[in-house]
Amino acid sequence: MAKKRICIISTGGTIEKTYDALRGILTNEVSVLDVMLAGLEHPGLEIARVPLMKKDSLDMTAADHALIAKTAGAMAESFDGVVVVHGTDRLTVTGEKMAADLGTPRVPIVLTGAMRPYEMRATDAHQNLTEALLGVQLLEP
Numbered sequence: 001m002a003k004k005r006i007c008i009i010s011t012g013g014t015i016e017k018t019y020d021a022l023r024g025i026l027t028n029e030v031s032v033l034d035v036m037l038a039g040l041e042h043p044g045l046e047i048a049r050v051p052l053m054k055k056d057s058l059d060m061t062a063a064d065h066a067l068i069a070k071t072a073g074a075m076a077e078s079f080d081g082v083v084v085v086h087g088t089d090r091l092t093v094t095g096e097k098m099a100a101d102l103g104t105p106r107v108p109i110v111l112t113g114a115m116r117p118y119e120m121r122a123t124d125a126h127q128n129l130t131e132a133l134l135g136v137q138l139l140e141p
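Numbering-wise, this note's numbering puts 13 at position 13 of the sequence shown, and it's gapless, one number per residue.
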């Protein structure tokens, strides 16, 4: 059985934030998605990553939402599914932009995020990424 090809587009958000000890703040400067993916068993998937931006969704502009939608639409043409890792504060804005610009895509596109960064204890990041990867395989576009 052929592996399903899934594209993960990373945009930043809480799910990818890491603690900068020198400044004492959480930032979107370094992605933790590769670490998260290494901790998952996904033998039936071939995963490609597209690091699109590293932003807190509160800092996103209309142009950012349009770029995410355009990129997701382009990736949907050559993959079996697309997962967009995004900040939760403006996730719905990007979802609405995708719906308006893309209509019904050829394959499922799933947006996911987290309320707590992956690096923190009691985070929902790992579970949310796992469920997004499952959903993108099972859902209809």
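Think of the CB as a built atom: it goes at the ideal place given N, C-alpha and C, for glycine as much as any other residue.
In terms of Cβ geometry, V50 and V83 do not form a close pair [threshold 7 Å]. A straight-line Cα-Cα distance of about 18 Å links L133 and P117.
Taking a cut-off of 8 Å on C-beta distances, the segment 113-127 does not touch the segment 95-102, as fewer than three cross pairs fall below it. Rounded to whole angstroms, the gap between the alpha carbons of I109 and G81 is 6 Å. Annotated as distal: I68 and T104, with beta-carbon spacing of 7 Å or more. The alpha-carbon separation between H86 and M60 amounts to approximately 10 Å. Within the segment 62-100, the runs of alpha helix (DSSP H) at least 4 residues long that lie entirely inside it are, in chain order, 62-76. Put simply, the backbone Cα of K70 is about 27 Å away from that of V35. Here the alpha carbon of I25 sits roughly 6 Å from the alpha carbon of Y19. For S57, the secondary structure class from DSSP, reduced to helix, strand or coil, is helix.
Between the alpha carbons of K55 and R23 lies a distance of about 17 Å.
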